[in-house]
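J.:
There are 2 protein chains.
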Amino acid sequence: MRPSKRDELVRKALVIFYRDGFHATGMDALVAETGISKTTMFKHFRTKDDLILAVLRYRDETFRNWFFRKLDDAALPPRQRLLAVFDILKEWFAEPSFKGCMFIKASAEFQDPQHPVYVQSAEHKRLLKSAFQEMAEEAGATDPDLLARQLLLLKEGAIVAAHMGFDPDPAGAARLAAEVLIAAQLGS
Amino acid sequence: MRPSKRDELVRKALVIFYRDGFHATGMDALVAETGISKTTMFKHFRTKDDLILAVLRYRDETFRNWFFRKLDDAALPPRQRLLAVFDILKEWFAEPSFKGCMFIKASAEFQDPQHPVYVQSAEHKRLLKSAFQEMAEEAGATDPDLLARQLLLLKEGAIVAAHMGFDPDPAGAARLAAEVLIAAQLGS
DNA sequence: TCGTATATGTACCGATCAGTTCATATTTTC
DNA sequence: GAAAATATGAACTGATCGGTACATATACGA
């Protein structure tokens with residue numbers, strides 16, 4: 617059970633940062649809620665920013681795992697697979713702990729384009745874009761790059777709408793839009 | 617020139633909050649950059665949150681004015697008007713001071729759905745949705761509510777993409793998608 | 001010219017910020 | 001069972017947080 621304290625910290629800090637924000641969460645608050653001593657925290661991570669980066673790496677990994685695992689398990693033909701993206705989004709939005717996209721929020725709090733947190737957040741989105749594009753290619757899209765970017769815009773917009781609560785069913789509206797966009801490239 | 621000090625503060629604080637974030641900007645930083653004394657600030661606004669709310673009200677007003685003024689000046693038929701939304705977005709993204717949507721970022725920093733900042737940010741989006749829906753109705757959409765929500769998803773997604781820099785031309789991709797969605801409701 | 005409102009500078013408040021120090025436990029490994 | 005690594009508690013640093021006190025200055029309207 618040696619390096620697990622570090623992992624435990626990352627897992628628990630993720631929940632707190634996601635729920636309360638990065639700047640709004642002090643190290644003392646982390647100590648209080650995780651039960652892990654501050655000394656230990658700073659032994660594993662030199663600065664708070666380093667901890668945040670580790671949390672984001674962990675989030676990127678677990679989120680994409682969760683997302684594409686769900687997609688794989690559905691075992692759908694390429695075209696339905698593209699649409700299923702928005703069914704999974706809907707599930708995510710329905711979770712009681714849903715609080716928007718951690719990377720959108722991270723880049724909102726760390727706006728300097730040079731900042732590692734900003735860089736890493738953008739990288740997460742680029743990985744999703746690549747995965748979408750691969751799916752669009754498998755489905756036989758005439759312009760897989762464009763279709764992937766458009767579906768990603770719908771996804772990001774839906775996340776923002778769900779987080780801010782100005783649309784009753786953003787995933788549903790996005791799915792219907794995706795159907796139209798896909799049909800435009802693949803025929804109905 | 618009596619109540620102008622207050623307005624001057626709101627205008628200048630807007631620039632700083634927009635550029636650096638809300639929590640990351642201290643009152644002392646506002647004093648240093650605006651040249652307005654802290655005493656005066658707290659005479660006009662009881663708390664920092666009150667100042668932030670005033671800034672957001674001002675932003676909502678000026679942004680919607682700017683946006684729909686541009687749309688009106690183009691004097692386009694309803695269908696082209698809907699598309700022009702994304703041309704204006706493109707202009708916005710190209711401004712050197714562009715740093716994403718202030719309301720998305722505000723709701724990312726103030727996540728409590730009860731918090732006035734969160735409430736007011738969502739209200740801004742609802743006003744945009746209403747305006748979009750009206751435009752969709754004038755264009756003769758079969759489901760103006762759905763079309764408005766979908767165009768709004770594209771708009772929010774494009775803003776996030778432009779802010780995070782993971783898409784070379786989010787406004788362009790969104791415009792092409794909007795064309796397809798509009799054609800699906802109005803015929804080509 | 002006088003009264004009133006508004007703005008300023010400075011010093012201060014207690015709380016909290018990220019991060020450190022250090023001595024003491026608690027585990028793990030051999 | 002001893003050495004070595006890891007975790008802990010608590011007290012502390014200097015800086016900054018939002019916000020206040022108070023005395024002075026500047027402007028305005030009558």
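One line per chain: the protein sequences are A and B, in this order.
Residue 617 is where the first sequence starts when you use our numbering, and the numbers rise one by one after that.
Residue 617 is where the second sequence starts when you use our numbering, and the numbers rise one by one after that.
We put the beta carbon where it would ideally sit given N, CA and C, even for glycine.
Could you please give the first and the last residue of the uninterrupted alpha helix (DSSP H) stretch that includes H779(A)?
T.: Residues P760 to M780.
J.: Tell me whether the beta-carbon of L672(B) lies closer than 8 Å to the beta-carbon of A738(B).
T.: No, they are not a contact pair.
J.: Helix, strand or coil: how does DSSP classify T641(A) here?
T.: Coil, per DSSP.
J.: Would you mind reading off the limits of the alpha helix (DSSP H) that contains A691(A)?
T.: Per DSSP, A691(A) belongs to no alpha helix (DSSP H) and is neither H nor E.
J.: Please state if the CB of F684(A) and the CB of A747(A) are separated by a distance shorter than 8 Å.
T.: In contact: A747(A) and F684(A) (Cβ atoms closer than 8 Å).
J.: Compare the beta carbon distance of L637(B) and E772(A) with 8 Å and say whether it is the shorter of the two.
T.: Correcting the residue identity first, residue 637(B) is Gly in this sequence and not Leu. No, they are not a contact pair.
J.: Shorter than 8 Å from the beta carbon of I668(A) to some beta carbon of chain B?
T.: Chain B contact via Cβ: absent.
J.: Applying the criterion that 16 or more other CB atoms from any shown protein chain within 10 Å of the CB defines a buried residue, is V776(B) buried or exposed?
T.: V776(B) should be labelled buried.
J.: Cβ closer than 8 Å: which chain B residues qualify as neighbours of D783(A)?
T.: K745, R765, L768 and L769, listed in chain order.
J.: Where A565(A) and D623(B) are concerned, what is the direct C-alpha to C-alpha distance, given to the nearest angstrom?
T.: Because residue 565(A) is not part of the residues shown, which for chain A are 617 to 804, the question remains open.
J.: Checking contacts by CB at 8 Å: is M780(A) closer than that to chain B?
T.: With 8 Å as the cut-off, M780(A) counts as an interface residue toward chain B.
J.: Can you pull the chain A neighbours of V776(B), defined as C-beta to C-beta under 9 Å?
T.: Ordered by position in chain A, the residues that pass the 9 Å Cβ test against V776(B) are C717, I720, S723, K741, L769, E772, G773, I775 and V776.
J.: Quick check on S620(A) - is its C-beta less than 8 Å from some C-beta in chain B?
T.: It does not: the Cβ of S620(A) has no partner Cβ on chain B nearer than 8 Å.
J.: Whose CA, out of K715(B), T758(B), H740(B) and D644(B), lies closest to the CA of Y734(A)?
T.: Of the candidates K715(B), T758(B), H740(B) and D644(B), the one whose C-alpha sits nearest the C-alpha of Y734(A) is K715(B).
J.: Around the Cβ of Q730(B), are there at least 16 other Cβ atoms within 10 angstroms (buried) or fewer (exposed)?
T.: With fewer than 16 other Cβ atoms within 10 Å, it is exposed.
J.: Grab the span of the alpha helix (DSSP H) containing Q727(B) for me, first residue to last.
T.: Element bounds for Q727(B): n/a, residue is neither H nor E.
J.: Under a Cβ-count criterion, where at least 16 other Cβ atoms within 10 Å of its own Cβ denotes burial, should D783(B) be classed as buried or exposed?
T.: The residue in question, D783(B), is buried, as its Cβ has 16 or more Cβ neighbours within 10 Å.
J.: Any residues in the segment 631-665 of chain A with a beta carbon nearer than 8 Å to a beta carbon of chain B? Which ones, in chain order?
T.: Here the close residues are R635, D636, G637, H639 and A640.
J.: Are the segment 791-803 of chain B and the segment 691-703 of chain B touching, with three or more C-beta to C-beta distances below 8 Å?
T.: The segment 791-803 of chain B is in contact with the segment 691-703 of chain B.
J.: Any beta carbon from chain B within less than 8 Å of P814(A)'s own beta carbon?
T.: Residue 814(A) is absent from the structure shown; chain A starts at 617 and stops at 804.
J.: Applying a beta-carbon distance threshold of less than 9 Å, which residues of chain A neighbour A738(B)?
T.: Those are M780, G781 and F782, listed as they occur along chain A.
J.: Tell me the start and end of each unbroken alpha helix (DSSP H) in the segment 642-677 of chain B that is at least 4 residues and wholly inside, in chain order.
T.: The segment 642-677 of chain B contains these whole alpha helix (DSSP H) runs: 643-650 and 654-660.
J.: Consult DSSP for F714(B) and reduce its assignment to one of helix, strand or coil.
T.: Coil, per DSSP.
J.: Please list the partners that L792(A) has in chain B, where partner means a Cβ-to-Cβ separation under 8 Å.
T.: The answer, in chain order, is L762 and Q766.
J.: With distances taken from CA atoms, which of A778(B), L770(B), L767(B) and L646(B) is nearest L667(B)?
T.: Taking only the C-alpha atoms, the option nearest L667(B) is L646(B).
J.: Once DSSP output is grouped into helix, strand and coil, what is the label at P560(A)?
T.: Lying before the first or after the last residue shown, residue 560(A) is absent from chain A, which here runs from 617 to 804.
J.: Write down the C-beta distance between L687(B) and A794(B) rounded to the nearest angstrom, noting that I regard them as a contact closer than 8 Å.
T.: That belief does not hold up - the Cβ atoms of L687(B) and A794(B) are roughly 14 Å apart, past 8 Å.
J.: Does chain A have any CB closer than 8 Å to the CB of V671(B)?
T.: With 8 Å as the cut-off, V671(B) does not count as an interface residue toward chain A.
J.: Among the residues of its own chain, which have a CB less than 8 Å from the CB of K662(B), if the five just before and after it don't count?
T.: Note that residue 662(B) is Arg in the sequence shown here, rather than Lys. Answer for R662(B): no residue qualifies.
J.: Which residues in chain A sit within 8 Å of L797(B), going by Cβ to Cβ distance?
T.: Near L797(B) (Cβ distances below 8 Å), the residues of chain A are A793, V796 and L797.
J.: Who are the neighbours of P729(B) on chain A, taking C-beta pairs under 9 Å?
T.: What P729(B) touches in chain A: G781.
J.: Figure out for me which residue from L744(B), D665(B), A640(B) and M657(B) has the closest Cα to the Cα of A724(A).
T.: Comparing Cα-Cα distances from A724(A) to each of L744(B), D665(B), A640(B) and M657(B), the minimum goes to A640(B).
J.: Kindly give me the distance between the Cβ atoms of M657(A) and L625(A), rounded to whole angstroms, as I take these residues to be in contact under 8 Å.
T.: Yes, M657(A) and L625(A) are in contact; Cβ-Cβ is about 6 Å, under 8 Å.
J.: Do Q749(B) and D761(B) have their C-beta atoms within less than 8 Å of each other?
T.: Yes, the pair counts as a contact, with Cβ atoms nearer than the cut-off.
J.: Taking 8 Å as the CB-CB cut-off, is A710(B) touching chain A?
T.: Judged by the 8 Å Cβ criterion, A710(B) is not in contact with chain A.
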